[in-house]
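S.K.: So that we are looking at the same thing, I have put the structure below in structure tokens.
There are 2 protein chains.
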Amino acid sequence: MDATVGELGEFALIDAITARLGSSAAVLLGPGDDAAIVAAPDGRVVASTDVLVEGRHFRRNWSDARDVGHRAAAANLSDIAAMGAVPTALLVGLATPPDLPASWALEMAEGLREECDLVGASVAGGDVVRSDTLVISVTALGSLEGREPVTRSGAQPGDLVAVAGRLGWAAAGLAVLTRGFRSPRVLVDALRRPAPPYAEGPRAAALGATAMVDVSDGLVSDLGHIAVASGVALRLSSDAFHVPQEFVDTARALNADPMAWLLAGGDDHALAATFPPDVDLPMAWSVVGRVEDGEGLLVDGEPYAGPGGWTSFA
Amino acid sequence: MDATVGELGEFALIDAITARLGSSAAVLLGPGDDAAIVAAPDGRVVASTDVLVEGRHFRRNWSDARDVGHRAAAANLSDIAAMGAVPTALLVGLATPPDLPASWALEMAEGLREECDLVGASVAGGDVVRSDTLVISVTALGSLEGREPVTRSGAQPGDLVAVAGRLGWAAAGLAVLTRGFRSPRVLVDALRRPAPPYAEGPRAAALGATAMVDVSDGLVSDLGHIAVASGVALRLSSDAFHVPQEFVDTARALNADPMAWLLAGGDDHALAATFPPDVDLPMAWSVVGRVEDGEGLLVDGEPYAGPGGWTSFA
């Protein structure tokens, strides 16, 4: 389809998008009415909103539409997992220039659907409006399945700090693309399509995780939120992190610090959590530090001095 | 406060906004974690997303920040009411240029809170990001309180068509402002702050409404959705509409058609519904037509020939 979204028109575009979205058991009433209805079996719904802006959170020359859909969904589904919940549905607001190819919007919708399929969720509704800037606003809903939520405020001195999922891969991919390269492909692809360890969120909750966050801004920055909210100090040991060989090679070529990618790189949507010390952690989780009395986040005993986490107004 | 949102920074801005948001009983965990938790007492949540774009849905020289907050909330809360549900919470994504005055963002948040207060809801979470275009994306959540939802597809031949709330006031206000006038104030204010009849949504559901919509694009356009979804014809009678004196006077001054405002004007967020013919309608509802076999929407027996409803890509 070569038409622009402006040529296709709002209602035809919405119909075409909706036809690509699929459905899931938790979505009791999907797109097409004033609102959707989503199951919330334990009487509570977990809800989170993230906004992605072209040029800031994605670039159309770096990522194709399907990748952007995957990323937009992943950023939100991961927030649900970080509460210990299972995602049930997305609502998607698309603000688009009228000259956007309709095919881009449709492929982006397919990316949303494919990412939702990974967790058994689906897109339940949304809105499409005209805007000079391409903005994708996603709200994810989820179910705690009767569990208590894992917030940021429950970390206790003595707890272990552990991470699940990739750290620094998207930052390494961004460094590659920013320098005008297109490989290593595995790093570039990690930026285009994060692979959040969705199932580890509810699993961590079931294992008794005391605090948990989605690593979207960078491990040091996001664990810092746990330190503040819990009123504790988090001590990380850099030895505990495995530095992938691709990082070492690429960092050397780019004259970059691979530990900065690991510790401060965002957008991988790993999960970071604290657990009681006697927990029997599954393989997906790596212990990288400990919770102590005090405040702040220390790496090898010092405040982290490398480049900071990602901030929306930097 | 004279700082811009860029000068204040993402986290300080979020903190300042959050301090203005208040809370409500249904929000079990509010802003500050990876996701919010909202009560969904009957095991279902109603959810709707609307996106407002500066220059398209609001203008900063026509509406102050507080008004924009009211409008952004109202557009979404009204969608929840149109399902027969009671709003419980909003999630708000703000994509903002860094030179936006921080005071604008904070007053907009106060407008959101004030509109939420009208229905006992509150803002449960959100996101703030940088964008060249000012975009406000709002997701509203609500509770059906055990009732069945009132969709667009249940209208039956023989049903009455009735409306609650203001029709055409925002369109008249827009006509006034577009022509460079600032009065009648009551019309301009109607554009700035819609007054949706929120409580009439659940009440209509309890009275047995067979179909219902929020009138956001215009009565003819939005009732047209009921006609299509229900597979029926809706016949409106123009005599049934009360034309306010302000409309008559202003339409004469602007050489406009007041019936076009009533029938095709959007953004008032009235409710339009169909009811079984034996219903005992409360005063807030006015009967304006009937449901018949057939298809489409007729005004005085003819397809509506006036200016069409609002469309996002027009």
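Same order as they appear, the protein sequences are chains Y and W.
Here the first sequence stands for residues 204 to 517, numbered as in this note's numbering.
Here the second sequence stands for residues 204 to 517, numbered as in this note's numbering.
For every residue, glycine included, the Cβ atom is placed at its ideal position computed from N, Cα and C.
None of these values were measured; they are calculated from a predicted model.
Return the CA-CA distance between residue 205 of chain W and residue 336 of chain Y, expressed in angstroms with no decimal places.
M.R.: So the alpha carbons of these two residues sit roughly 26 Å apart.
S.K.: Tell me the rounded alpha-carbon separation between residue 365 of chain Y and residue 315 of chain Y.
M.R.: Distance between the alpha carbons of residue 365 of chain Y and residue 315 of chain Y is about 29 Å.
S.K.: Taking 8 Å as the CB-CB cut-off, is residue 352 of chain W touching chain Y?
M.R.: Cβ-Cβ to chain Y under 8 Å: yes for residue 352 of chain W.
S.K.: Near residue 414 of chain W, what residues of its chain come up, given a Cβ to Cβ distance below 6 Å and the 5 sequence neighbours on each side ignored?
M.R.: So the qualifying residues of the chain are 355, 357, 358, 429, 433, 477.
S.K.: With 16 other CB atoms within 10 Å as the buried threshold, where does residue 279 of chain Y fall?
M.R.: Residue 279 of chain Y comes out buried.
S.K.: If you run the structure through DSSP and keep just helix, strand and coil, what is residue 392 of chain W?
M.R.: In this structure, residue 392 of chain W counts as helix in the three-state DSSP scheme.
S.K.: Taking all protein chains shown into account, do 16 or more other C-beta atoms lie within 10 angstroms of the C-beta of residue 451 of chain W, making it buried, or fewer, making it exposed?
M.R.: Exposed, because fewer than 16 other Cβ atoms sit within 10 Å of the Cβ of residue 451 of chain W.
S.K.: Compare the beta carbon distance of residue 411 of chain W and residue 482 of chain W with 8 Å and say whether it is the shorter of the two.
M.R.: Yes, the pair counts as a contact, with Cβ atoms nearer than the cut-off.
S.K.: Based on Cα-Cα distance, which residue from W:240, W:254, W:246, W:394 lies nearest to residue 250 of chain Y?
M.R.: Per the Cα distances, W:240.
S.K.: Leaving out five residues on either side along the sequence, give the residues of the same chain with a beta carbon under 6 Å from the beta carbon of residue 248 of chain W.
M.R.: Cβ neighbours of residue 248 of chain W beyond the five flanking positions: 344.
S.K.: Below 8 Å on the Cβ atoms is my contact criterion, and I expect residue 465 of chain Y with residue 370 of chain Y to pass it. Report the Cβ-Cβ distance as a whole number of Å.
M.R.: So it is a contact: roughly 5 Å between Cβ atoms.
S.K.: At the 8 Å Cβ level, is residue 262 of chain Y part of the contact set with chain C, yes or no?
M.R.: No chain C appears in this structure, whose protein chains are Y and W.
S.K.: I believe residue 404 of chain W touches residue 288 of chain W by the beta-carbon criterion, under 8 Å. Please report the beta-carbon distance rounded to the nearest angstrom.
M.R.: Right, their Cβ atoms sit about 7 Å apart.
S.K.: Run down chain Y in chain order and give the residues with a C-beta less than 9 Å from the C-beta of residue 330 of chain W.
M.R.: Result: 251, 252, 253, 254, 340, 515.
S.K.: Just the C-alpha distance for residue 317 of chain W and residue 258 of chain W, rounded to the nearest angstrom, thanks.
M.R.: Cα to Cα, the separation comes out at about 23 Å.
S.K.: Against chain W, does residue 244 of chain Y count as a neighbour if the rule is that its beta carbon must be under 8 Å from one of theirs?
M.R.: Chain W, which has a Cβ nearer than 8 Å to the Cβ of residue 244 of chain Y, makes this yes.
S.K.: Report yes if the C-beta distance between residue 305 of chain Y and residue 416 of chain Y is below 8 Å; otherwise report no.
M.R.: Going by C-beta atoms, residue 305 of chain Y is not nearer than 8 Å to residue 416 of chain Y.
S.K.: My understanding is that residue 469 of chain W touches residue 375 of chain W, with C-beta atoms under 8 Å, so please give their C-beta distance in whole angstroms.
M.R.: With 8 Å as the limit, residue 469 of chain W and residue 375 of chain W do not qualify as a contact, their Cβ atoms being about 12 Å apart.
S.K.: Answer yes or no: does any C-beta atom of chain Y fall closer than 8 Å to that of residue 473 of chain W?
M.R.: No - not a single Cβ of chain Y is within 8 Å of the one on residue 473 of chain W.
S.K.: Anyone know if the C-beta pair for residue 301 of chain Y and residue 207 of chain Y falls short of 8 Å?
M.R.: Yes, these two residues count as a Cβ contact at 8 Å.
S.K.: Which chain Y residues are close to residue 417 of chain W, counting only those with a beta carbon under 7 Å from its beta carbon?
M.R.: Residues of chain Y passing the Cβ test: 237.
S.K.: If you drop the 5 nearest sequence neighbours on each side, which residues of the same chain put their C-beta closer than 6 Å to that of residue 501 of chain W?
M.R.: Excluding positions up to five away in sequence, the list reads 438.
S.K.: Between residue 507 of chain Y and residue 446 of chain Y, what straight-line distance do the alpha-carbon atoms span, to the nearest angstrom?
M.R.: Using only the alpha carbons, I get a separation of about 18 Å.
S.K.: Which residues does DSSP pair with residue 270 of chain Y in a beta bridge?
M.R.: Residue 270 of chain Y is not bridged to any residue.
S.K.: For the stretch 431-452 of chain Y, enumerate the residues whose C-beta is nearer than 9 Å to any C-beta of chain W, in chain order.
M.R.: Those would be 432, in chain order.
S.K.: Give the DSSP-derived three-state secondary structure of residue 328 of chain Y in the structure shown.
M.R.: In the structure shown, residue 328 of chain Y sits in a strand (DSSP, three-state: E or B).
S.K.: Shortest alpha-carbon distance to residue 420 of chain Y belongs to which of Y:463, Y:443, Y:390?
M.R.: Answer by Cα proximity: Y:463.
S.K.: Could you work out which residues of chain W lie near residue 259 of chain Y, taking near to mean beta carbons separated by less than 8 Å?
M.R.: Chain W residues near residue 259 of chain Y: 332, 333, 334.
S.K.: Taking 8 Å as the CB-CB limit, is residue 396 of chain W close to chain Y?
M.R.: Closer than 8 Å: no.
S.K.: Just the C-alpha distance for residue 273 of chain W and residue 388 of chain Y, rounded to the nearest angstrom, thanks.
M.R.: Computed Cα separation, rounded: 47 Å.
S.K.: Could you pull out every residue in the same chain whose Cβ sits closer than 7 Å to the Cβ of residue 261 of chain W, ignoring the five residues on either side in sequence?
M.R.: Taken in chain order, the residues that qualify are 255, 271, 274.
S.K.: Let me check one thing: in DSSP terms, what residues is residue 403 of chain W bridge-paired to?
M.R.: DSSP output for residue 403 of chain W lists no bridge partner at all.
S.K.: Please report how far the alpha carbon of residue 443 of chain W lies from the alpha carbon of residue 264 of chain W, in whole angstroms.
M.R.: Straight-line Cα distance between these residues: approximately 36 Å.
S.K.: Return no unless some Cβ of chain Y is closer than 8 Å to the Cβ of residue 402 of chain W.
M.R.: So, not an interface residue.
S.K.: Per DSSP, what are the beta-bridge partners of residue 506 of chain Y in this structure?
M.R.: Paired residues: Y:501.
S.K.: Output needed in chain order: residues of the stretch 268-287 of chain W with a Cβ under 7 Å from some Cβ in chain Y.
M.R.: Within the stretch 268-287 of chain W, the residues whose Cβ lies closer than 7 Å to some Cβ of chain Y are 282, 283, 285, 286, listed in chain order.
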